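*Asks:* The working numbering numbers the first residue of the sequence shown as 3 and each following residue consecutively.
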Amino acid sequence: MTRGGLAAKVQETRLWSRLMALAAIGGTAKGGVCRLALTAEDGAARVRLANWATARGFTVSEDAIGNIYVRRKGTDPTLPPVMTGSHLDTQPTGGKFDGVYGVLAGFEVLEALEDAGVQTRRAIEVVGWMNEEGARFQPGCMGSGVFAGAMPLEAMRAVADKTGATVGASIDALPTVGVSRDFGFPVHAYVEAHIEQGPRLEAAGDTIGIVTGIQGARWFAVEITGSEAHAGTTPRAQRKDALMAALDGIQALRAVMTDPDDQVRFTVGRMEVGPGSPNTVPGRVFFTIDFRHPDAATVQRLGDLVAPTLRAAAGPCGIAITETFTGPPVAFDPLVIEAVTDATKALGYKHHALPSGANHDAKFLARVCPTGMIFIPCLGGVSHNEAESATPEDCTAGARVLAETLLALAQ
Ligand code: HGY
Ligand code: MN
Ligand code: MN
Ligand code: MN
């Protein structure tokens with residue numbers, strides 16, 4: 003097939019209509035999407051993808067951690083497949099593109115191959131990785147993390163959400179969408195398409211981001227235990243106020259997590275205060291920390307300061323700190339970066355190379371095979387927000403670069 007021939011078979015209207023169809027599953031009144039991992043909405047999106055896949059003669063399978071695979075076979079079944087994909091789950095105030103774009107761009111490539119009647123030596127598999135977001139079950143990237151051997155299967159299946167529902171029980175409760183399969187099989191290469199979730203492509207007026215790697219991230223879950231007391235009668239010296247201990251600790255950490263070049267990312271995204279009564283001194287606080295930085299030594303150094311800094315501020319309260327996610331910075335494979343660059347140049351898209359500030363399943367696939375990513379712009383760089391937006395043209399451009407890249411890798 004001539005260079006660009008497969009890209010020409012990528013259909014904008016078909017890709018866009020599938021994106022909008024999945025966006026309607028868990029769609030919100032504000033135009034966003036709330037499709038938390040392993041909820042009924044997630045299950046419905048998996049079923050929809052599986053139906054589209056079987057209608058085109060692709061095979062669908064799923065593994066014990068809830069990853070879903072859509073496979074277009076190759077001419078040589080003994081060869082490890084080329085993989086692409088991303089995730090179907092969203093943030094609670096998520097958008098129409100984060101994750102699902104990568105799954106459907108990959109699916110569009112399979113359809114384009116079918117339409118073109120092109121056979122590849124290697125099978126190409128599109129994966130919907132389970133629970134990339136980590137919003138309902140922590141940590142994120144759970145499906146890809148287990149697949150890559152970085153997270154133990156049974157421990158991850160035992161993880162529970164705030165209601166006590168476990169990952170394992172939630173997976174088992176979802177409709178079965180395909181034959182079950184083991185993971186841990188060899189993979190030839192993995193390429194993930196994703197919106198940038200940042201402002202750089204849009205600011206540069208570029209269409210394609212050639213991703214060089216992903217910055218480091220460390221997540222913590224913190225539980226502070228004080229003792230409930232009467233808000234009106236209890237003197238300060240007698241209080242074990244879990245909320246004040248949390249605020250002191252977070253304030254102390256903010257002083258640690260600052261840098262002149264604004265590269266440190268420090269977020270307290272979730273906080274629960276108990277018992278939550280206006281006139282009872284809080285006896286229990288739970289909160290999360292998401293810390294990121296591109297430099298491995300800084301990730302180690304500043305991340306190691308989290309626990310001692312919080313303990314020093316806990317005062318008379320008890321404190322339990324658990325590191326729930328540890329992902330050092332990852333550099334993507336030069337050969338995959340070259341394949342993405344060649345495809346981008348062949349198709350004539352304006353582009354530049356950049357690192358990813360956001361986590362992706364590609365971070366874990368990079369542990370098991372040569373891995374790379376393709377970014378497209380999103381409006382204002384906004385993501386993890388219901389206003390997240392991308393254009394049909396940019397979605398198509400990313401899918402076309404993905405098509406040419408996967409074709410080159412799967413030959
Ligand atoms: O957290 C992240 O960076 C990803 O978008 N879930
Ligand atoms: Mn994502
Ligand atoms: Mn996300
Ligand atoms: Mn991702």
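Even glycine gets a Cβ: it sits at the ideal position worked out from N, Cα and C.
The structure displayed is predicted, hence computed values, not measured ones.
1) Measure the C-alpha to C-alpha separation of K98 and P331 and round it to an integer number of angstroms.
2) Excluding five sequence neighbours on each side, which residues of the same chain lie with their C-beta closer than 6 angstroms to the C-beta of A309?
3) Got a list of residues with beta-carbon closer than 5 angstroms to any non-hydrogen atom of ligand 6, in chain order?
4) Count the other C-beta atoms from every protein chain shown that fall within 10 angstroms of the C-beta of Q199, then say buried if there are 16 or more, exposed otherwise.
5) Hey, how far is the Cα of L90 from the Cα of G180?
6) Could you check the C-alpha separation between V12 and E395 for me, to the nearest Å?
7) Between F334 and G215, which are expected to be in contact by the criterion C-beta below 8 angstroms, what is the C-beta distance as a whole number of angstroms?
8) Which of the three DSSP states is assigned to V179 in this structure?
9) Using only alpha-carbon positions, find the residue among A162, L112, A118, Q121 that is nearest to G136.
10) Rounding to the nearest angstrom, what Cα-Cα distance links A9 and R256 in this structure?
11) Going by beta carbon distance, what residues of the same chain come within less than 6 angstroms of T346, once the five residues before and after it are set aside?
12) Which value, in whole angstroms, describes the spacing of the CA atoms of G6 and L249?
13) Just to check, is the beta-carbon of A432 closer than 8 angstroms to a non-hydrogen atom of ligand 1?
14) Note the first and the last residue of the continuous alpha helix (DSSP H) segment covering V275.
15) Which runs of the alpha helix (DSSP H) fall wholly inside the segment 250-322 and span at least 4 residues, in chain order?
16) Under a three-way DSSP split, which group does I27 fall into?
17) Rounded to whole angstroms, what is the Cα-Cα separation between H295 and M259?
18) In whole angstroms, what is the alpha-carbon distance linking R74 and V128?
19) Could you tell me whether the Cβ of A31 comes closer than 9 angstroms to any Cβ of chain D?
20) The alpha helix (DSSP H) spanning V338 covers which residue range?
21) Does the beta-carbon of K164 have 16 or more other beta-carbons within 10 angstroms, so that it is buried, or is it exposed?
22) I think G145 touches M132, with their Cβ atoms under 8 angstroms apart; what is that distance to the nearest whole Å?
23) Using 8 angstroms as the cut-off, classify the Cβ of S172 as near or not near the heavy atoms of ligand 3, replying yes or no.
24) Going by alpha carbons, who is nearest to G283 out of I291, T235, V301?
25) Report the rounded CA-to-CA distance for S279 versus F288, giving the unit in angstroms.
26) Quick check on DSSP: helix, strand or coil for T227?
27) Taking the alpha carbon of R267 as the point to measure from, which residue in A175, T95, N361 has its own alpha carbon closest?
28) Pull up the distance between the alpha-carbon of T168 and that of G68, whole angstroms please.
29) With a threshold of 8 angstroms (Cβ to nearest heavy atom), would E134 be considered close to ligand 3?
30) Take P82 as the anchor and find which of A23, T393, I226, H190 has the nearest alpha-carbon.
31) Thinking C-alpha only, which one of H196, Q140, E113, Q121 is nearest R56?
32) Alpha carbon to alpha carbon, how far is Q121 from S302? Give it in angstroms, no decimals.
33) Could you have a look at I67 and say whether DSSP puts it in helix, strand or coil?
*Replies:* According to the structure shown:
1) Mapped onto the sequence shown, residue 98 falls at position 96. Mapped onto the sequence shown, residue 331 falls at position 329. Roughly 27 angstroms separates the two Cα atoms.
2) The sequence position of residue 309 within the sequence shown is 307, counting from 1. Hits under 6 angstroms: I323.
3) Because ligand 6 does not appear in the structure shown, any question about it cannot be addressed here, the ligands present being ligand 1, ligand 2, ligand 3 and ligand 4.
4) Numbered from its first residue, the sequence shown carries residue 199 at position 197. Answer is buried; the Cβ neighbour count reaches 16.
5) The residue given as residue 90 occupies position 88 in the sequence shown. The residue given as residue 180 occupies position 178 in the sequence shown. Spanning the two alpha carbons is a distance of roughly 16 angstroms.
6) Translated into positions along the sequence shown, residue 12 becomes position 10. Translated into positions along the sequence shown, residue 395 becomes position 393. Computed Cα separation, rounded: 11 angstroms.
7) Numbered from 1 along the sequence shown, position 332 holds the residue referred to as residue 334. Numbered from 1 along the sequence shown, position 213 holds the residue referred to as residue 215. Confirmed, about 5 angstroms.
8) For the purposes of this step, residue 179 is identified with residue 177 of the sequence shown, where counting begins at 1. The answer is coil: DSSP assigns V179 none of H, G, I, E or B.
9) As a first step, residue 136 must be located in the sequence shown, where it is residue number 134. When each option's Cα is compared against that of G136, the closest is A162.
10) Residue numbering aside, residue 9 sits at position 7 when the sequence shown is read from its first letter. Residue numbering aside, residue 256 sits at position 254 when the sequence shown is read from its first letter. Answer to the nearest angstrom: the Cα atoms are 47 angstroms apart.
11) Counting from 1 along the sequence shown, the entry for residue 346 is found at position 344. I210, H353, V403.
12) Residue numbering aside, residue 6 sits at position 4 when the sequence shown is read from its first letter. Residue numbering aside, residue 249 sits at position 247 when the sequence shown is read from its first letter. Taking the straight line from one Cα to the other gives about 56 angstroms.
13) Residue 432 lies beyond the residue range present for the chain, which begins at 3 and ends at 413; the question has no answer from this structure.
14) Residue numbering aside, residue 275 sits at position 273 when the sequence shown is read from its first letter. Here V275 belongs to no alpha helix (DSSP H); instead the beta strand (DSSP E) covers 273-276.
15) 298-315
16) Your numbering for residue 27 matches position 25 in the sequence shown. Coil, per DSSP.
17) For the purposes of this step, residue 295 is taken as residue 293 along the sequence shown, with counting starting at 1. For the purposes of this step, residue 259 is taken as residue 257 along the sequence shown, with counting starting at 1. Taking the straight line from one Cα to the other gives about 10 angstroms.
18) Here residue 74 refers to the residue found at position 72 when the sequence shown is read from its first residue. Here residue 128 refers to the residue found at position 126 when the sequence shown is read from its first residue. Those two C-alpha atoms are separated by around 9 angstroms.
19) No chain D is present in this structure, which holds just one protein chain.
20) One-based indexing of the sequence shown puts residue 338 at position 336. Residue range 336-349 is occupied by the alpha helix (DSSP H) that includes V338.
21) As a first step, residue 164 is located in the sequence shown; it is residue number 162 there, counting from the start. Looking at its Cβ environment, which holds fewer than 16 other Cβ atoms inside 10 Å, K164 is exposed.
22) By 1-based counting over the sequence shown, the position of residue 145 is 143. By 1-based counting over the sequence shown, the position of residue 132 is 130. Your pair G145 and M132 checks out as a contact, with CB atoms roughly 3 angstroms apart and the cut at 8 angstroms.
23) Taking the sequence shown and counting its residues from 1, one reaches residue 172 at position 170. No.
24) Stepping through the sequence shown from its first residue, residue 283 is reached at position 281. Strictly speaking, residue 283 in this sequence is Val, with Gly absent from that position. The residue from I291, T235, V301 with its alpha-carbon nearest to that of V283 is T235.
25) Sequence index remark: in the sequence shown, residue 279 carries index 277 (1-based). Sequence index remark: in the sequence shown, residue 288 carries index 286 (1-based). Spanning the two alpha carbons is a distance of roughly 16 angstroms.
26) For the purposes of this step, residue 227 is taken as residue 225 along the sequence shown, with counting starting at 1. Residue state, collapsed to three classes: strand.
27) Translated into positions along the sequence shown, residue 267 becomes position 265. Of the candidates A175, T95, N361, the one whose C-alpha sits nearest the C-alpha of R267 is N361.
28) Position 166 of the sequence shown, counted from the first residue, corresponds to residue 168. Position 66 of the sequence shown, counted from the first residue, corresponds to residue 68. Near 13 angstroms, if we compare the C-alpha coordinates of G68 and T168.
29) Position 132 of the sequence shown, counting from 1, holds the residue named residue 134. Indeed, a heavy atom of ligand 3 lies less than 8 angstroms from the Cβ.
30) Position 80 of the sequence shown, counting from 1, holds the residue named residue 82. Measuring from the Cα of P82, the nearest candidate turns out to be H190.
31) Residue 56 sits at position 54 when you count from the first residue of the sequence shown. The sequence shown places Thr at residue 56, not Arg. Per the Cα distances, E113.
32) On the sequence shown, position 300 is the one that residue 302 refers to. On the sequence shown, position 119 is the one that residue 121 refers to. Here residue 302 turns out to be Gln, not Ser, going by the sequence shown. Those two C-alpha atoms are separated by around 46 angstroms.
33) Counting from 1 along the sequence shown, the entry for residue 67 is found at position 65. Reduced to three states, the DSSP call for I67 is coil.
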